């Protein structure tokens, strides 16, 4: 869905004299041969995992197993699958954005929050088994994005300064990780 945005990011990176490329990848229908064909001989050392379904779909009292499983398809199974497809020992630096909702526990987001917790725990296990890999998982506040557009007034934070700060911290962690290897 974010083809235009992805191409814009690639253009901004390329305009700085760096190499960047984008391609579509469906975390719900992973295809190893398609992914490997798109990658060619290149193997990424960094993964920025932002895959998500629509997050504001819960109700305040009824936990839906179906909705929870859908979120887990993105935040756990889809995430694990792309790591497995590329090679868990290949990717040394992973940016896995999480959510402050884990601490706030909004009553209408129980399935989302539970799946994000499961995703964070999966990340912890992955780091335990692949000790030369770092997974940066900041718990982001509610940001002003396509996900949070509302006709009602809602307090969304500007994503640019928050993401810049987190990307800088991730970069510092990645450099430290590389130097320790």
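Residue numbers (my numbering): 1 to 181.
Glycine is no exception: its CB is placed at the ideal position from the N, C-alpha and C atoms.
The model shown is predicted, which means the values in this text are computed figures rather than measured ones.
Output the distance between the C-alpha atoms of residue i and residue j, rounded to the nearest integer angstrom.
| i | j | result |
| --- | --- | --- |
| residue 16 | residue 6 | 16 angstroms |
| residue 21 | residue 10 | 6 angstroms |
| residue 97 | residue 114 | 15 angstroms |
| residue 142 | residue 155 | 8 angstroms |
| residue 90 | residue 46 | 9 angstroms |
| residue 31 | residue 23 | 13 angstroms |
| residue 8 | residue 14 | 10 angstroms |
| residue 70 | residue 106 | 18 angstroms |
| residue 129 | residue 52 | 25 angstroms |
DSSP state of residue i, grouped into three classes?
| i | result |
| --- | --- |
| residue 55 | coil |
| residue 75 | helix |
| residue 190 | Residue 190 lies beyond the stretch modelled for the chain, which goes from 1 to 181, so this question has no answer here. |
| residue 91 | coil |
| residue 179 | helix |
| residue 6 | helix |
| residue 23 | coil |
| residue 171 | helix |
| residue 64 | coil |
| residue 163 | helix |
Considering only DSSP beta bridges, list what residue i is partnered with.
| i | result |
| --- | --- |
| residue 157 | 143 |
| residue 48 | 95 |
| residue 134 | 93 |
Would you mind listing the alpha helix (DSSP H) stretches within the stretch 96–122 that are 4+ residues and don't spill past its ends, in chain order?
-> Counting only runs of 4 or more, we get 101–104.
Determine contact between the stretch 31–46 and the stretch 58–69, defined as no fewer than three beta-carbon pairs at a distance below 8 angstroms.
-> Touching, no, given that fewer than three Cβ pairs across the two stretches are closer than 8 angstroms.
The stretch 119–131 contacting the stretch 68–80, beta-carbon criterion three pairs below 8 angstroms | Look at the beta carbons and you see the stretch 119–131 touching the stretch 68–80: at least three pairs across the two are nearer than 8 angstroms.
Assess, as a yes-or-no matter, whether the stretch 163–179 is touched by the stretch 128–141 under the definition of 3 or more beta carbon pairs within less than 8 angstroms.
-> Between the stretch 128–141 and the stretch 163–179 there are three or more inter-stretch CB-CB distances shorter than 8 angstroms, so the stretches are counted as touching.
Within the chosen definition, does the stretch 156–164 reach the stretch 100–114 through at least 3 CB pairs nearer than 8 angstroms?
-> They do not touch, by the three-pair rule.
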